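Some notes on the structure that comes next.
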Amino acid sequence: MRKLIIAGNWKMYKGLEDAKSFAREVAPIAKGMDTTNVVPILAPAYPFLAVLQRDLEGSPVKVSAQDVSSHPDGAFTGEVSAAMLASLKLPYSIVGHSERRAYHAETNAIVREKLLALMQHDICPILCVGETLVQRDAGNTKDVVVDQLSGALHKINLYNQGEIIIAYEPVWAIGTGRNATGEQAQEVHAIIRKWLKDKYSETLANGISILYGGSVKPENIDELLAMPDIDGGLIGGASLKPDSYLRMLESAVKRANGEQ
Ligand code: PEP
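Whatever position you read off the sequence shown (first residue = 1), add 95 for the numbering used here.
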């Protein structure tokens, strides 16, 4: 059975003290929840990865990077390699977020290099895909998402290259307060699952968690988690406050445990 994942993407928010007080508040409460079938994740900015890992130790909350370099090492000022993330024993990293694609010109080919770098170091990538509003309105959602998937996973054999999580994040829903409805998201999640099945196998496709991201909040998470192919959320704004993050985690725990 796929676990539900509640992943908070803090982007370039939260300094050291804020990150530490979040961990202090969330760790004991998350520890008291039955998270057997749920994986809580938080993705702070690079400087706070190790601190957050230390402060969340003993709780079920895992730490993720928000990005990784496509290069193994070298003269790449400001970049952080997969080997460096692996030296922290980091289990996850987001890759291909639409903000990276839009503001840092990340192509599918670059995203693929980053994916490979993470996989080589046994870090599970959280691969983001999603269409813009113009692309959706032009009826191109499926083509865009499939193009991003096939570009990023080109010649990558998931059978022996390890775990991956996919996050469907329609760009028009990120940070806008306008989320996709459960049905809208489910339609694309089903397309992604089918694509994975056709490229790999039904067993592999059924084992991959597909998260929805884009204005997820405590008020809409239940509707989204009720969908058969939505296995959790990648959440920006609503993951910044402990109370809001914990409410979404609680929703996932209830759903995973068949309580709603
Ligand atoms: C995100 O950061 O990936 C995201 C989906 O942001 P928000 O939840 O704020 O829309």
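Using N, Cα and C, we set each Cβ at its ideal position, and we do this for glycine too. What you are looking at is a predicted structure, and each value in this text was computed from that prediction instead of being measured.
**OP:** Answer yes or no: do glycine 254 and valine 283 have a C-beta to C-beta separation smaller than 7 Å?
**Re:** In the sequence under discussion, the amino acid at residue 254 is tyrosine, which differs from the glycine named in the question. Between tyrosine 254 and valine 283, the CB-CB gap reaches or exceeds 7 Å.
Original post:
With C-beta atoms as the reference, is aspartate 324 less than 7 Å away from isoleucine 305?
Top reply: yes
Original post:
Does the Cβ of serine 310 lie closer than 6 Å to at least one heavy atom of the ligand PEP?
Top reply: At least one heavy atom of the ligand PEP is nearer than 6 Å to the Cβ of serine 310, so yes.
**OP:** Classify leucine 291 as buried or exposed, calling it buried when 16 or more other Cβ atoms lie within 10 Å of its own Cβ.
**Re:** buried
**OP:** Could you tell me whether any non-hydrogen atom of the ligand PEP is closer than 6 Å to the CB of glycine 277?
**Re:** no
Original post:
So valine 224 packs on valine 240, CB below 8 Å; how close in whole Å?
Top reply: 5 Å
Original post:
Thinking C-beta only, is leucine 99 closer than 7 Å to glycine 327?
Top reply: In terms of Cβ geometry, glycine 327 and leucine 99 form a close pair [threshold 7 Å].
Original post:
Measuring from the CB of asparagine 315, is there a heavy atom of the ligand PEP at a distance below 6 Å?
Top reply: no
Original post:
Given 8 Å as the limit, is there contact between the region 147 to 155 and the region 171 to 182, that is, 3 or more CB pairs closer than that?
Top reply: Flag = no, the region 147 to 155 and the region 171 to 182 do not touch.
Subject >> Where the beta strand (DSSP E) through serine 346 begins and ends >> reply: Taken as a continuous stretch (DSSP letters only), serine 346 belongs to no beta strand (DSSP E), being part of the alpha helix (DSSP H) at 337 to 351.
Original post:
Hey, is glycine 332 close to the ligand PEP, as in C-beta under 6 Å from one of its heavy atoms?
Top reply: Yes.
Original post:
How about the region 335 to 344 and the region 110 to 121: do they share at least three Cβ pairs that are nearer than 8 Å?
Top reply: yes
**OP:** State the DSSP-derived secondary structure class of asparagine 301, mapped to helix, strand or coil.
**Re:** helix
Original post:
Quick one: what's got a C-beta closer than 8 Å to alanine 213's C-beta in the same chain, skipping five residues either side?
Top reply: In the sequence as presented, alanine is not what sits at residue 213; that position holds leucine. Correct list, in chain order: Val163, Ala177, Leu180, Ser188, Val190, Cys219, Pro220.
**OP:** List the DSSP bridge partners of leucine 222.
**Re:** Leucine 222 is bridged to Val190, Ile261.
Original post:
DSSP three-state call for alanine 417: helix, strand or coil?
Top reply: In the structure as shown, the chain starts at 96 and stops at 355, and residue 417 therefore has no counterpart that could be examined.
**OP:** Run the CB neighbour count on histidine 249, radius 10 Å, all protein chains shown included, and call it buried at 16 or more, exposed below.
**Re:** exposed
Original post:
isoleucine 101 and alanine 268: beta carbons closer than 7 Å?
Top reply: no
Original post:
CB of glycine 270 to nearest heavy atom of the ligand PEP: below 6 Å?
Top reply: Inclusion of glycine 270 in the 6 Å shell around the ligand PEP follows from its C-beta lying nearer than that to a non-hydrogen atom of the ligand.
**OP:** May I ask you to report which of helix, strand or coil DSSP gives asparagine 104?
**Re:** strand
**OP:** Please classify serine 245: does DSSP put it in a helix, a strand, or coil?
**Re:** helix
Subject >> Classification of threonine 236 by the beta-carbon crowding that lies within 10 angstroms, buried from 16 upward >> reply: buried
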